[in-house]
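Quick notes on the structure that follows.
Protein chains: 2
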Amino acid sequence: MTEQEVGKGRIDLVLVHYPVINKNGEKIGSAVTNLDLHDISRAAKTFGVGSLYVVTPYSDQQELFQELLDHWLKGHGAKYNAKRGEALSLVHICDDLDQVFAEVTEKWKQRPTVLATCAQEKHPAVWPYQMVRRKIAEGECFLILFGTAWGLAQEVIEAGDGILPPIAGSGSYNHLSVRSAAAIVLDRLLGTGEA
Amino acid sequence: MTEQEVGKGRIDLVLVHYPVINKNGEKIGSAVTNLDLHDISRAAKTFGVGSLYVVTPYSDQQELFQELLDHWLKGHGAKYNAKRGEALSLVHICDDLDQVFAEVTEKWKQRPTVLATCAQEKHPAVWPYQMVRRKIAEGECFLILFGTAWGLAQEVIEAGDGILPPIAGSGSYNHLSVRSAAAIVLDRLLGTGEA
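First to last, the sequence lines map onto chains L and V.
Read in order, the letters of the first sequence are residues 354 to 548 in this note's numbering.
Read in order, the letters of the second sequence are residues 354 to 548 in this note's numbering.
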């Protein structure tokens, strides 16, 4: 697939496993989840995202998931279902956010606008989806951060340029999985509209 | 949470494990996946869906997943994270689609409009999201069918009243997980709009 074919959006995703918070709001590192990588990379590939950076500082986790990627990209999985490899080829495992920032800045030759996602509006700069969608279409570079566990640590949210609005349903329950949240955010920012 | 609070939409979901197709287009029964139930019930709860019917004819699968539900609804899981039980309380395990149709028709005192989801436009009646969204808001009952594995068998798609448009990105890759697809469909039909 050519870059032309997948669209011109210069947008990358980050799935953060450290620092995130647990259900008591304490800062932790979470374990990488197999299905997060599959689901979010498949959605990323569908919507024309450049890369999915997976941040974990733990070398055992990095090795385990590099083996998983190799299975689908080069091993038996590549023969069984090539579509998985197409999506997982977007995944890059990184030690920390600084490494991600360095890589995307190198790739786009400029620092992207960094937006965090969270279930509450905890940031003075909330960027409406329509506005970000328009800026992506105009060629602006974006890096969108997703937290695992109970969400991104406050220091990560504050280090970005703003947040995307929380995804709200009609009631007070807002406990989407990060897989569901990522799919909805990508549809809002990059979907071809409601046919 | 009162019915008022979660909205007035009379919409239910079905996650079908038989009959679905495998990657060769052959009719099969698939295994129920733990994370499907968690992710889709959490999205359903967030967007005010009535019930998530899980269709599998296999009694061992039914027993296994009833144990899983009991864990989160009544067992240790209910103490560990009550939010999971809130979502999983929407799940009802059924033998087949006929049982689902009977239960929802009894619940709403009318047969709902049945729409299938699929990755290709294989049906003469494609119902645009905006139209379905408006009809839900007006009080019409809907039952939305999602297929596991490589998607719903053709006979299921044809038995409904129509299909929702496939979710398209900017390229030719359209291999979203059923978890991602369900999240996007719910946001398009029931989301409170782009804040």
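For each residue, glycine too, the CB sits at the ideal point set by N, CA and C.
Look at the Cβ atom of Leu441(V), then the Cβ atom of Leu422(V), and state whether they are nearer than 7 Å. yes
Tell me the DSSP bridge mates of Gly515(V)? Leu468(V)
Just checking: is the beta-carbon of Ser442(V) within a distance shorter than 7 Å of some beta-carbon in chain L? no
Closest residue to Leu515(V) among Glu491(V), Arg532(V), Val485(V), Ala536(V) (Cα-Cα distance): The sequence shown places Gly at residue 515(V), rather than the Leu named in the question. Among Glu491(V), Arg532(V), Val485(V), Ala536(V), the Cα nearest to that of Gly515(V) belongs to Val485(V).
Compare the Cα-Cα distances from Tyr411(L) to each of Lys376(L), Ile381(L), Thr399(L) and report the closest residue. For the residues Lys376(L), Ile381(L), Thr399(L), the minimum Cα distance to Tyr411(L) belongs to Ile381(L).
For Lys398(L), I'd like the list of residues in its chain whose CB is within less than 7 Å of its CB, leaving aside the five on either flank, ordered along the chain. Glu439, Ala440, Leu443
Candidates Asp365(V), Val369(V), Gly524(V), of which the one nearest Cys471(V) by Cα: Val369(V)
Just to confirm my understanding: we take Ala489(L), look at its own chain, exclude 5 residues before and 5 after, and list those with CB closer than 8 Å. What are they? Per the sequence shown, the amino acid found at residue 489(L) is Ile instead of Ala. Around Ile489(L): Gly362, Arg363, Ile364, Phe495, Leu542, Leu543.
Straight-line Cα distance separating Pro481(V) from Gln452(L): 43 Å
To the nearest angstrom, how far is the alpha carbon of Ala435(L) from that of Val367(V)? Rounded to whole angstroms, Ala435(L) to Val367(V) spans 28 Å at the Cα level.
Identity of the residues DSSP links to Ile489(L) by a beta bridge: Ile489(L) has no beta-bridge partner at all, per DSSP.
Identify the contact partners of Glu439(V) in chain L, using a Cβ-Cβ distance below 7 Å as the criterion. Tyr526
On the criterion of 16 or more Cβ atoms from any shown chain inside 10 Å, does Tyr433(V) qualify as buried, or is it exposed? exposed
Give every residue of the same chain whose Cβ lies closer than 6 Å to the Cβ of Thr458(V), excluding the five residues on either side of it in the sequence, and list them in chain order. Arg464
Quick check on Arg395(V): buried or exposed, where buried means 16 or more other Cβ atoms within 10 Å of its Cβ? buried
Might you give, ordered along the chain, the residues of its own chain that have their beta carbon closer than 6 Å to the beta carbon of Ser383(V), omitting 5 neighbours on each side? His370, Val373, Thr501, Ala502
Contact set between Ser394(L) and chain V, taken where Cβ atoms lie within less than 9 Å: Going along chain V, no residue has its Cβ under 9 Å from Ser394(L), so there is no contact; the nearest lies around 10 Å.
Hey, does Gln414(V) have any beta-carbon neighbour from chain L nearer than 7 Å? no
Best match in Lys462(L), Ile520(L), Asp413(L) for proximity to Asp540(L) [C-alpha to C-alpha]: Ile520(L)
Closer than 9 Å, Cβ to any Cβ of chain L: which residues of the region 531-544 of chain V, in chain order? Going along the region 531-544 of chain V in chain order, one finds Arg532, Ser533, Ala534, Ala535, Ala536, Ile537, Leu539, Asp540, Arg541, Leu543, Gly544 with a Cβ nearer than 9 Å to chain L.
Quick check on Glu399(L) - is its C-beta less than 7 Å from some C-beta in chain V? Looking at the sequence itself, residue 399(L) is Thr, so the reference to Glu does not match. Yes, Thr399(L) counts as interfacial toward chain V.
Neighbour-count burial assignment, Arg549(V), 16 or more Cβ in a 10 Å radius: The structure shown has nothing for residue 549(V), since chain V only spans 354 to 548.
Which one of Gly378(V), Asp389(V), Asn377(V) has the shortest CA to CA distance from Ser530(V)? Asp389(V)
Asn434(L): contacting residues in chain V (beta-carbon distance under 8 Å): Those are Lys376, listed as they occur along chain V.
Can Gly522(V) and Gly401(L) be called in contact, C-beta distance under 7 Å? yes
Buried or exposed: which applies to Glu491(L), given that a residue is buried once 16 or more other Cβ atoms fall within 10 Å of its Cβ? exposed
Range covered by the beta strand (DSSP E) that runs through Asp365(V): 363-369
Quick one: which chain L residues come within Cβ less than 8 Å of Ile520(V)? Thr399, Asp540, Gly544
Would you mind giving the Cβ-Cβ distance between Gly513(V) and Val467(V), rounded to the nearest angstrom? I have them listed as a contact below 8 Å. 4 Å
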